[in-house]
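Undergrad:
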Amino acid sequence: MSETTSGAMGGPRHGARRLVVFGVTGQLGRELVERLDESEWPISELVGIASAESVGETFDFRGDDLDVVGEWPVLKGWDLVFICTRGLEVLEIVRECLRAQVPCLDLTGALSAQVEVPLPTALGEAGRADDAIASAPLIALPSATTLAWATLLEAIAGAAEIRRVIGTVLSSASALGRRGLVALSEESIALFNQADPPDAGPAGQGVAFDVVPGGGIDPTRIRLELERLFGESLRVDVAGLQVPTFVGEGTSLVIELGSPLEAALLESRLAAADGLSLVADGIGSRGLAAVEEGVAAPTGPTLRDAAGVDEVLVGRIEPDPSLSEGRGWRIWLATDPIRLTADHALRVAGRRLGLA
Ligand SMILES: NC(=O)c1ccc[n+]([C@@H]2O[C@H](COP(=O)([O-])OP(=O)(O)OC[C@H]3O[C@@H](n4cnc5c(N)ncnc54)[C@H](OP(=O)(O)O)[C@@H]3O)[C@@H](O)[C@H]2O)c1
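Numbering (the numbering used here), first residue to last: 8 to 363.
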């Protein structure tokens with residue numbers, strides 16, 4: 008560790024916050040810095056940390072070009088640490104935060120199974136997670152998949168008992184980080200040019216124009232997080248597929264209820280829920296249109312529809328014919344997992360810092 012605070016801007020200002028972002032050069036770190044930039048929070052210092060390979064790079068924050076730092080600053084005295092890295096060092100960062108008594112928001116999933124660490128989802132009107140967020144030394148953010156599913160399930164849970172949830176998650180290359188995007192891009196170019204394929208990326212195998220079963224997400228993490236949030240009586244099954252798209256995540260979710268729920272009531276609850284946006288049947292795909300006259304317009308919401316959107320797009324609400332009427336529903340969700348996670352992190356951080 009060094010005393011360096013390069014990457015900091017301005018000097019200390021009374022009441023202004025000093026923040027640390029681990030993983031600042033990654034997809035999530037960048038998105039988070041953008042959200043912080045847009046916030047009107049008083050921030051006097053921001054340090055962005057990445058691996059040694061990124062030293063020499065810079066990032067923009069409120070008009071200042073800040074250095075990416077390879078060595079950790081002394082954490083004591085900072086107001087909040089965000090962890091957005093990949094790799095094995097997460098628990099070391101967590102231990103250092105505890106030693107320095109700096110609150111830490113983990114966005115990597117490393118702490119999700121620890122029941123003493125709060126796992127806030129949507130911070131509804133009641134703000135029921137507020138007490139824990141205000142005082143806990145560590146806060147874990149659920150995975151983007153859990154965030155999306157939990158927002159939907161919370162909206163339904165008030166109207167009917169949810170017995171079982173079975174989801175198939177379609178993840179894009181960005182689920183495996185910046186290197187995942189580079190791999191899909193380089194492999195696609197090689198395929199178009201009929202050139203030799205490049206070395207495999209983080210998926211450990213070729214991904215261009217292929218579907219990788221079991222890829223993209225961590226089903227165990229999602230199951231554990233949902234059990235923590237909804238109790239062990241909720242039965243959950245999750246399967247993952249990596250599909251050859253660059254961004255976004257889709258889920259085909261089947262929900263089994265303890266009692267019948269009418270379509271109209273289900274739709275009205277979903278339409279009224281914070282964080283969900285119901286996409287009606289019909290043209291749903293932003294920028295896409297039927298290519299031939301007389302051919303049905305494409306329906307959404309697609310993963311492209313969700314890019315850059317901070318809500319969970321919900322569509323294609325269909326009865327599950329294998330269950331009695333109203334007891335089973337199949338619902339499609341499309342999200343921008345990075346945007347969803349960064350926005351949620353900002354909401355939680357705002358509460359912790361007393362700024363939102
Ligand atoms: N991608 C998603 O959809 C998504 C959504 C929600 C949560 N998350 C979670 O967020 C985390 C980051 O995901 P991402 O997609 O942003 O990954 P990413 O693009 O691969 O970025 C990883 C970041 O971690 C940094 N890093 C790696 N090793 C490090 C080390 N030893 N010390 C300090 N920094 C190090 C990288 O720095 P270099 O650039 O120098 O390598 C980079 O800044 C993961 O834990 C992921 O599970 C991802």
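Idealized CB from N, CA, C, for every residue including glycine.
Where A341 and G165 are concerned, what is the direct C-alpha to C-alpha distance, given to the nearest angstrom?
TA: Going from the Cα of A341 to the Cα of G165 covers about 23 Å.
Undergrad: Going by the DSSP bridge assignment, what does S259 pair with across the sheet?
TA: S259 pairs with T175 and W339.
Undergrad: By how many angstroms is the C-alpha of L35 removed from the C-alpha of T115?
TA: So the two alpha carbons sit approximately 10 Å from each other.
Undergrad: Report the CB separation of L264 from E168 in whole angstroms; it is logged as a contact under 8 Å.
TA: Right, the Cβ-Cβ distance comes to about 6 Å (below 8 Å), so this counts as a contact.
Undergrad: What's the C-alpha gap between A349 and R170?
TA: Those two C-alpha atoms are separated by around 30 Å.
Undergrad: With DSSP as the reference, please indicate the residues paired to F68 in a beta bridge.
TA: Paired residue(s): D71.
Undergrad: Cβ atoms of T32 and V75: under 8 Å apart, would you say?
TA: In contact: V75 and T32 (Cβ atoms closer than 8 Å).
Undergrad: Which same chain residues end up closer than 6 Å to W85 when comparing Cβ atoms and leaving out the 5 residues on each side of it in sequence?
TA: Cβ within range, chain order: R25, V27 and V109.
Undergrad: Note down the Cα distance separating W339 from V321, rounded to an integer number of angstroms.
TA: If you take the alpha carbons of W339 and V321, they lie about 6 Å apart.
Undergrad: Using the three-state DSSP reduction, which class does L347 fall into: helix, strand or coil?
TA: Of the three classes helix, strand and coil, the one that applies to L347 here is helix, per DSSP.
Undergrad: Does ligand 1 have even one heavy atom less than 7 Å from the beta-carbon of I173?
TA: No, the beta carbon of I173 sits no closer than 7 Å to any heavy atom of ligand 1.
Undergrad: When DSSP builds the beta bridges, which residues end up paired with L320?
TA: DSSP output for L320 lists S284 and A341 as bridge partner(s).
Undergrad: At a cut-off of 7 Å, would you count F29 as near ligand 1, judging by its Cβ distance to the nearest heavy atom?
TA: True, at least one ligand heavy atom lies under 7 Å from that Cβ.
Undergrad: Can you list, in chain order, the residues of its chain with a C-beta nearer than 7 Å to that of S192? Leave out the 5 residues immediately preceding and following it.
TA: For S192, where only same-chain residues beyond five positions count, there are no Cβ hits under 7 Å.
Undergrad: What does the Cβ neighbour count give for V81, buried or exposed, with the cut at 16 atoms within 10 Å?
TA: Classification for V81: exposed.
Undergrad: Just to confirm, does G63 get its C-beta within under 7 Å of one of the non-hydrogen atoms of ligand 1?
TA: False, no ligand heavy atom lies under 7 Å from that Cβ.
Undergrad: Can you list, in chain order, the stretches of the alpha helix (DSSP H) that have 4 or more residues and sit fully within the segment 222 to 259?
TA: Fully enclosed alpha helix (DSSP H) runs of 4 or longer: 226 to 237.
Undergrad: So does P344 have its beta carbon nearer than 7 Å to some heavy atom of ligand 1?
TA: Yes, Cβ of P344 sits closer than 7 Å to a heavy atom of ligand 1.
Undergrad: For ligand 1, any of its heavy atoms closer than 7 Å to the Cβ of S329?
TA: No - ligand 1 has no heavy atom lying nearer than 7 Å to the Cβ of S329.
Undergrad: Which full runs of the alpha helix (DSSP H) of 4+ residues lie inside the segment 90 to 122, going along the chain?
TA: List check, alpha helix (DSSP H) in window: 97 to 107.
Undergrad: Could you name the residues of the same chain whose beta carbon sits closer than 6 Å to that of F337, not counting the 5 residues immediately before and after it, in chain order?
TA: For clarity, residue 337 is Arg in the given sequence; the question names Phe instead. Around R337: V261, E325 and D327.
Undergrad: Could you name the residues of the same chain whose beta carbon sits closer than 6 Å to that of S266, not counting the 5 residues immediately before and after it, in chain order?
TA: Contacts found: A167.
Undergrad: Whose C-beta lies closer than 7 Å to the C-beta of P220 among residues of the same chain, with five residues either side of it excluded?
TA: Counting only Cβ-Cβ distances below 7 Å, and skipping sequence neighbours, we find L248.
Undergrad: Measure the beta-carbon distance from L385 to V319 and round it to whole angstroms, keeping in mind my assumption that it falls under 8 Å.
TA: What the structure shows of the chain is the stretch from 8 to 363, and residue 385 is not part of that stretch, so it cannot be assessed.
Undergrad: Roughly how many whole angstroms lie between the Cα atoms of W156 and E47?
TA: Roughly 30 Å separates the two Cα atoms.
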